[in-house]
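Written out below as structure tokens is the structure these notes cover.
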Amino acid sequence: MVGASEDTNILRGRCCATILHHRFDGSFHLVSRSVDSVFGHKVCRRITDLPVVPDLAFLMTPAAATPEALRECATFGIPAVIVVGSGFAEEGSPAGWALQDEIAGIAQAHDMALCGPNSEGFADLRRGLALTFSPVLGDFDPLPESLPRKGARIAIVAQSGAIGFGLFDLAWTLGLNVERIVTTGNEAVLDLADYLGFLAEDGATDAVLVFAEGFRDGRRLLAALARCREAGVPVVMLRAGRSELGQRQAASHTGALAGDDRMIADLLTGAGVIDAAEPGEAVEIVGLVAAMKAKPVMGRRIGVYSATGGGAGLLADLCERDGLGLPEFQPETRATLDAVLPSYGTSSNPVDTTATGIHALGYAELTMTLAADPGIDAVIVAASGRSATSIGKDARALKELAQTCDKPVVFWSYTTPIEAFGDIMDEAGIPY
């Protein structure tokens with residue numbers, strides 16, 4: 001960490017405090033020309049004074065001092081660098097662009113992987129590594145002992161540091177297992193395509209959430225997205241720059257060009273990207289597709305049941321809006337349902353089971369009844385997660401269902417789910 005400080009009122013101090021707070025399982029070294037120690041750790045004066053060659057250098061230097069620091073890294077043989085300083089191409093000035101071109105040239109001449117400049121850093125929570133000044137990770141107090149969490153493994157790649165760590169914050173609140181966050185900054189060398197290509201092939205990622213402000217090389221991006229698709233790693237994208245004003249703002253932030261929204265949306269959809277409209281939707285979608293990676297939806301024919309007629313009707317509307325079909329069930333399926341449903345229920349798709357039907361068959365058997373229908377590709381269940389009493393009786397059966405059913409099943413709670421409901425769903429391996 002170059003430019004180390006223990007003054008937490010400045011960004012350099014926050015970065016140092018954060019990495020110590022997260023208990024990184026590897027070694028780290030500090031470089032500063034102004035202090036001898038930081039939080040009790042010895043500080044070297046120059047990069048070339050370090051006792052070992054690090055795998056990564058984290059540069060917290062002013063823009064004007066960054067080329068010199070980068071040359072020292074290259075001389076010392078450091079293969080990768082993150083530059084968090086601003087004052088480069090995002091300024092839009094000739095001097096800013098010249099500085100960015102200079103550090104890009106240094107990195108490329110020495111085959112160095114360079115993230116940034118103008119990056120907010122990155123985090124790998126599997127290893128307790130948090131190289132960032134984001135208050136989202138700096139304020140994790142006390143640090144959850146459960147890090148990393150269980151569940152489908154999600155990575156976030158963002159061209160805005162604040163939004164990237166903000167998405168992590170939203171996802172964490174929902175209980176999602178976000179293991180890695182990368183903020184790409186101005187992408188002087190490494191760009192979005194590089195990170196997506198890596199995540200497609202590392203074997204430790206179940207889904208990726210991207211925040212994008214613009215694309216520098218469309219062909220490389222589409223090639224990386226194709227690799228994600230081939231590897232079965234779904235990509236959810238939240239984009240800024242859809243409007244003319246948003247495009248101007250994106251250009252002033254990172255120097256990115258956003259381009260025509262409709263054309264980009266069509267290209268991304270064709271590449272298999274799920275285009276999210278706003279942050280909350282993006283986070284919920286990535287959590288869902290990550291959990292469903294083992295059982296992707298193989299068709300658009302959906303079976304729906306709900307203990308409330310309102311829930312059944314609402315899901316029917318949403319499915320139709322998004323191009324999903326709710327076909328009629330086979331006669332055998334309807335006969336099974338009719339045998340237990342009260343006269344005021346309905347066995348047609350979407351099924352209004354009423355509370356009586358839930359009590360008679362239980363969630364597991366009702367779900368399997370719909371999933372067993374050859375005309376159904378996936379099942380959506382509307383249930384209240386406010387109480388775990390009814391679904392708790394089915395906990396073991398739901399777990400067996402998740403292990404034996406070859407079709408994806410999703411529960412939707414029309415109330416705020418309590419922790420016990422989530423525990424049952426998580427234990428069963430059913431996304432909700």
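In this text, residue positions in the sequence shown follow the numbering used here: the first is 1, and each later residue adds one.
Where a beta carbon is used, it is the ideal one built from N, C-alpha and C, also for glycine.
Remember, predicted model here, so these are calculated numbers, not experimental data.
Query: Please state if the CB of Leu199 and the CB of Ala158 are separated by a distance shorter than 7 Å.; Result: no
Query: Leaving aside the five residues before and after Gly185 along the sequence, list all residues of the same chain whose C-beta is less than 6 Å from its C-beta, in chain order.; Result: Gly116, Pro117, Asn118 and Ser119
Query: Would you mind sorting Ser384 into buried or exposed? The rule is 16 or more other CB atoms within 10 Å of its CB.; Result: buried
Query: Between which two residues does the beta strand (DSSP E) carrying Ile430 extend?; Result: Here Ile430 belongs to no beta strand (DSSP E), and DSSP marks it neither H nor E.
Query: Compute the Euclidean distance between the alpha carbons of Ile10 and Leu209, then round it to the nearest angstrom.; Result: 29 Å
Query: Spell out the partners DSSP gives Cys44 in its beta bridges.; Result: Val31
Query: Give the DSSP-derived three-state secondary structure of Ala65 in the structure shown.; Result: helix
Query: What separation, rounded to the nearest whole angstrom, lies between the Cα atoms of Ala291 and Asn177?; Result: 10 Å
Query: Between the segment 393-408 and the segment 332-350, are three or more C-beta pairs nearer than 8 Å?; Result: no
Query: When you compare only the Cα positions, how much space is there between Arg126 and Arg180?; Result: 8 Å
Query: Give me the Cα-Cα distance between Ala360 and Tyr344, rounded to the nearest whole angstrom.; Result: 15 Å
Query: For Ala104, which of helix, strand or coil comes out of DSSP?; Result: helix
Query: In angstroms, rounded to a whole number, what distance separates the CA positions of Thr205 and Ala231?; Result: 10 Å
Query: Roughly how many whole angstroms lie between the Cα atoms of Gly85 and Ile78?; Result: 19 Å
Query: Three or more C-beta pairs closer than 8 Å, one from the segment 369-382 and one from the segment 302-313: is that the case here?; Result: yes
Query: State yes or no: is the C-beta of Pro408 within less than 7 Å of the C-beta of Val283?; Result: no
Query: Please classify Pro142 as buried or exposed, where buried requires at least 16 neighbouring CB atoms within 10 angstroms.; Result: With a pLDDT of only 44 at Pro142, under 50, the local geometry of the prediction cannot be trusted, and the value read off the model is given with reservation. The residue is exposed, with fewer than 16 neighbouring Cβ atoms inside 10 Å.
Query: Quick one: what does DSSP say Ser413 is sitting in, helix, strand or coil?; Result: strand
Query: Quick one: any contact between the segment 130-137 and the segment 13-33, if contact means 3 or more CB pairs under 8 Å?; Result: yes
Query: Hey, out of Phe28, Ala74, Ala4 and Asp423, whose CA is closest to Pro62's CA?; Result: Ala4
Query: Cα separation between Cys228 and Ile430?; Result: 23 Å
Query: Excluding sequence positions up to five away, which residues of its chain have a Cβ less than 7 Å from the Cβ of Leu221?; Result: Leu192, Ala193 and Phe215
Query: Sorted by chain position, which residues of the same chain lie with C-beta nearer than 8 Å to Ile106's C-beta, five sequence neighbours on each side aside?; Result: Pro67, Leu70, Arg71, Ala74 and Met112
Query: For the segment 288-329, list the beta strand (DSSP E) runs that are entirely contained and at least 3 residues long, ordered along the chain.; Result: 302-306
Query: Could you give the distance in angstroms between the alpha-carbon of Leu30 and the alpha-carbon of Phe39?; Result: 11 Å
Query: Do Ala188 and Gln100 have their CB atoms nearer than 7 Å?; Result: yes
Query: Got a sec, what are the start and stop residues for the beta strand (DSSP E) Leu131 sits in?; Result: Leu129 to Thr132
Query: Measure the C-alpha to C-alpha separation of Ile47 and Cys15 and round it to an integer number of angstroms.; Result: 18 Å
Query: Give the DSSP-derived three-state secondary structure of Ala181 in the structure shown.; Result: Checking the sequence, you will find Ile at residue 181 rather than Ala. DSSP places Ile181 in strand when its eight states are reduced to three.
Query: From the DSSP output, in three-state form, read off Met112 for me.; Result: coil
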